[in-house]
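Colleague: Quick one: structure below, then a few questions.
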Amino acid sequence: MILGLGIDIVEVSRLEKWLNDKKLLERFFNKEELEYVLSKGDGAARSLAVRFAAKEAFGKALGTGLAGIELKDIAVANDKTGRPFLKLSGTAFKALKEKGGASIHLSLTHEKTTAAAVVIIEG
Numbered sequence: 654m655i656l657g658l659g660i661d662i663v664e665v666s667r668l669e670k671w672l673n674d675k676k677l678l679e680r681f682f683n684k685e686e687l688e689y690v691l692s693k694g695d696g697a698a699r700s701l702a703v704r705f706a707a708k709e710a711f712g713k714a715l716g717t718g719l720a721g722i723e724l725k726d727i728a729v730a731n732d733k734t735g736r737p738f739l740k741l742s743g744t745a746f747k748a749l750k751e752k753g754g755a756s757i758h759l760s761l762t763h764e765k766t767t768a769a770a771v772v773i774i775e776g
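And the structure:
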């Protein structure tokens, strides 16, 4: 059963500015996410933006927003085929369990100027 659906769209230019602010990046993204993003060269801003959109979409799918959730506890990772998935820990994992969530579906897309994410929580 679907418990929640969230979508978010982010302007890539907004997140491009974050690439020069290490403290800000470390506040919102975990080490693995940052390593992946920074390996993307010219695509780093798009990669960062789509990951931030995924975090926001997760909060919307919860129906409660991100209050009380550390954004670093919501990480976008990729399986061996490249498919993205959400890797939750700490406050994010607790929020999912309180919602009754058992699985999460994630879809990401980005173009030159925008990035978007859709999250579905199933219970």
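Mapping the sequence shown onto my numbering, position 27 (from 1) lands on 680, and the numbers just tick up by one. Where a beta carbon is used, it is the ideal one built from N, C-alpha and C, also for glycine.
1. Count the C-beta pairs between the stretch 763-774 and the stretch 713-729 that are closer than 8 Å, then say yes if the count reaches three, no if not.
2. Starting from E775, follow the beta strand (DSSP E) in both directions and report where the run begins and ends.
3. With 16 other CB atoms within 10 Å as the buried threshold, where does L691 fall?
4. For K708, tell me which candidate among A697, D695, A698 and I722 has the shortest Cα-Cα distance.
5. Give the DSSP-derived three-state secondary structure of T744 in the structure shown.
6. Under 7 Å, do L759 and L749 count as touching if we go by C-beta distance?
7. Among T734, V729 and F738, whose alpha-carbon lies nearest the alpha-carbon of Y689?
Modeller: The answer reads as follows:
1. yes
2. T767 to E775
3. So L691 ends up on the exposed side.
4. Among A697, D695, A698 and I722, the Cα nearest to that of K708 belongs to I722.
5. helix
6. Result no, Cβ atoms of L759 and L749 do not sit closer than 7 Å.
7. V729
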